[in-house]
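Going by full-length UniProt numbering, the sequence shown opens with residue 5, and the numbers climb by one from there. Don't be surprised by glycine CBs; every beta carbon is placed ideally from N, CA and C. This one's a predicted model, so the numbers in the text were calculated from it and none came from an experiment. Taking it in order: structure first as structure tokens, then the write-up.
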Amino acid sequence: AFVAASDAYPIPTSPDGAPIRFSYGTAGFRTRGDVLASTVFRCGAVAAVRSAVTGRATGIVVTASHNPERDNGVKLVDCDGGMLPVAWERHAEALANAPGWDAMRAAIATMRTPAEAHLPKHAHPPAHAADPPPPHVFLARDTRPTGPALAAAAKAGAEAIGASVTDLGLMTTPQLHYVVYASHRGWPSAEADYFARLARGFRRMVAGGTNDDDERRSIVVDCANGVGAAKLAALAEAIGQSSSDGCVLSMDLRNVAGESGSLNNSVGADYVQKEKRAPAHGSFETLGPSQRCVSVDGDADRLVYFRKKPDGSNENSVELFDGDKIAALVATRVADLLRRCAPLNAFDHPPLRVGVVQTAYANGASTAYITNVLGVECACANTGVKFLHPEAEKFDVGVYFEANGHGTAVFSDATIERIDAAIERVDAGADGGGRSSIEQCTDAVAALRELKAMTEAINPAVGDALSGILVVEAVLLAKGWGLTEWGNMYADLPSRQVKVTVLDRSVISVTNAERVAVTPAGMQAAIDQAVGRHGAHARAFARPSGTEDIVRVYAEAATEAGAAELAREVCGIVY
Ligand code: 16G
Ligand code: ZN
């Protein structure tokens with residue numbers, strides 16, 4: 005049925021008549037929306053086959069994240085709510101490019117071979133292994149104009165394989181991840197359950213806190229004219245923004261209109277982070293430097309905070325609180341809370357391992373802060389959530405953020421069980437010494453409850469701008485911090501990120517979390533020499549992008565001029 009139905013979705017050809025080749029990049033297929041129907045149709049089939057193989061529901065999101073509005077893309081979500089196994093990216097690619105019926109049959113047959121199952125680590129076994137449930141796929145899309153037609157193609161592809169499809173319509177990427185994650189665990193997985201969980205976690209994190217200061221309470225949110233706008237409005241409702249008493253956070257949503265062509269257009273987290281400028285729309289130029297602002301991207305899986313530079317040298321240049329700063333803030337709070345929990349003796353045997361996972365793009369000052377000041381382990385992974393998330397899972401509590409603002413905190417199942425057990429002991433007054441000793445531990449108990457609340461406010465499946473905003477706001481409120489105090493954690497080293505266009509970026513291969521070039525011969529030695537000339541704190545690397553046909557160069561140094569100069573030199577070497 006599938007191969008027959010595929011005739012309605014022919015592979016498009018380029019102007020020279022050759023079929024367009026589609027590749028699965030860092031986070032799925034992504035290109036111009038008007039050529040994607042065949043790929044999305046076939047991805048529907050991949051999601052369905054993946055569901056059949058795992059015996060669990062999978063997910064598919066039609067989105068191109070922070071890309072321009074004319075682009076679209078497709079991300080596949082594995083049955084545990086995480087990313088598709090890397091081996092299956094190759095299967096998806098083989099099916100997307102299969103030239104005819106036989107090639108399609110062969111690609112699907114390969115996916116179905118038991119050796120290719122790659123079951124996720126935490127996969128709960130199918131309920132009826134002998135009589136597997138029919139495949140089931142959750143489907144969502146962002147607000148792009150090509151979205152409805154492509155979502156229909158995804159649905160057709162999955163249904164042609166025999167899957168039932170739950171079309172959730174407009175959703176952020178992390179919401180869809182959460183739906184699949186929750187359904188895998190047998191939790192309520194409707195959209196309302198997602199909002200309720202986040203809001204409950206947030207309210208409990210800030211329990212007892214008050215915020216009478218209007219300025220401290222309000223944040224201005226740049227929604228990138230994307231799907232995050234409507235969802236943030238729903239979230240604001242869920243946390244009780246409109247209730248007059250007890251409101252601790254009020255969100256002023258900007259760039260919500262979604263007029264044609266406005267998505268990610270000089271707005272959104274990617275723009276703000278890369279340009280270090282306020283969004284060009286949404287009247288940000290009228291805000292003062294004390295106003296806390298946050299930008300999300302087109303599918304609301306990234307967030308970066310910012311404020312106007314107090315010196316006002318350039319009216320739109322901002323002080324950025326990027327993913328590194330968010331990770332440092334969250335890790336600091338986790339470490340604080342665990343320290344305060346110590347009198348409860350809940351996490352000593354064995355001690356909880358807390359870690360932060362970064363990429364090569366993390367500012368050197370953030371790595372130094374986490375390691376030397378916070379005394380928390382710091383690991384470095386390849387770019388892309390599919391590499392960071394598994395690294396974070398190696399810790400009991402793993403905080404990961406890319407500098408671009410994608411990230412979350414992952415509490416292992418065992419850690420959550422230990423937190424729950426400790427809360428049960430506290431509630432039962434059965435903490436060894438009995439009730440009186442527990443009452444002496446008021447602060448420890450408050451810390452324990454806040455830790456539990458944080459596990460609810462955070463999206464456990466993947467980085468999520470909505471839950472990220474709630475966690476950051478709750479931590480700032482609890483610490484009584486504004487952006488100044490947050491910024492004082494550490495000062496970023498000056499850095500530059502530059503794109504270099506080359507004939508064939510695939511000649512560059514990298515190792516050691518992308519910080520060292522293996523090929524072409526001599527390139528790394530030349531980079532090392534350049535770095536050596538710039539003294540202490542200098543660092544640079546070049547890696548081929550996984551999402552664009554370019555090479556990315558990153559450089560940092562003790563001074564702005566040094567970083568700019570080093571970036572220029574490395575670009576010269578790459579070129
Ligand atoms: C994708 C990744 C993001 C990564 C970026 C790097 C996910 C969900 N998204 O947007 O994590 O930072 O690609 O792109 O994995 P690059 O390979 O072009 O530098
Ligand atoms: Zn995104």
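Residue burial classification, residue i (beta-carbon count within 10 angstroms, cutoff 16)
i	result
Trp92	buried
Leu507	exposed
Ser471	buried
Gln533	exposed
Pro464	buried
Glu454	buried
Gly151	buried
Thr375	exposed
Pro118	exposed
Ala162	buried
Thr387	buried
Gly178	As written in the sequence, residue 178 is Pro, which differs from the Gly given in the question. With 16 or more other Cβ atoms within 10 Å, it is buried.
Trp490	buried
Asp75	buried
Ser513	exposed
His393	buried
Ser519	First, the residue type needs correcting, since residue 519 is Arg and not Ser in the sequence shown. Buried: at least 16 other Cβ atoms inside 10 Å.
Val511	exposed
Glu319	exposed
Asn492	exposed
Extent of the continuous beta strand (DSSP E) to which residue i belongs
i	result
Gly576	Element bounds for Gly576: not the beta strand (DSSP E) but the alpha helix (DSSP H), 564-578.
Lys503	499-504
Glu381	381-384
Ala350	Where Ala350 is concerned, there is no enclosing beta strand (DSSP E), given that its DSSP letter is neither H nor E.
Ser513	513-515
Val522	520-523
For residue i, three-class secondary structure by DSSP
i	result
Ala413	strand
Ser299	strand
Asn101	helix
His188	helix
residue 4	This structure gives no information on residue 4, because the portion of the chain shown stretches from 5 to 579.
Cys227	coil
Asp305	coil
Thr177	helix
Ala546	strand
Tyr494	coil
Tyr28	coil
Leu392	helix
Thr114	helix
Arg220	helix
Val260	coil
residue 658	Because the chain is modelled from 5 through 579, residue 658 falls outside the range shown and cannot be assessed.
Val466	coil
Thr419	helix
Ser370	helix
Span of the alpha helix (DSSP H), counted from its first residue to its last, around residue i
i	result
Ile531	527-537
Val476	469-483
Met209	195-209
Met458	446-461
Val252	Run containing Val252: none; DSSP gives neither H nor E here.
Ala238	232-242
Pro152	151-164
Gly48	41-58
Glu552	From DSSP, Glu552 is part of no alpha helix (DSSP H); its letter is neither H nor E.
Gly21	Run containing Gly21: none; DSSP gives neither H nor E here.
Gly327	327-345
Ala9	6-9
Thr488	487-491
Residue(s) in a DSSP beta bridge with residue i
i	result
Phe399	According to DSSP, Phe399 bridges with nothing at all.
Gly63	Val81, Phe142
Arg281	Ser321
Lys312	Val322
Thr35	Asn76
Tyr404	Val361, Thr412
Ser287	Answer is none; Ser287 lacks a bridge partner.
Thr17	Pro23
Val183	According to DSSP, which records beta bridges pairwise, Val183 is partnered with nothing at all.
Thr170	Phe142
Met87	Val81
Proximity test, residue i beta-carbon vs the ligand ADP heavy atom, cut-off 7 Å
i	result
Ala31	The ligand ADP is absent from the structure shown, which contains only the ligand 16G and the ligand ZN.
Test: residue i CB closer than 8 Å to a CB of chain C
i	result
Gly576	This model lacks chain C altogether; it includes just one protein chain.
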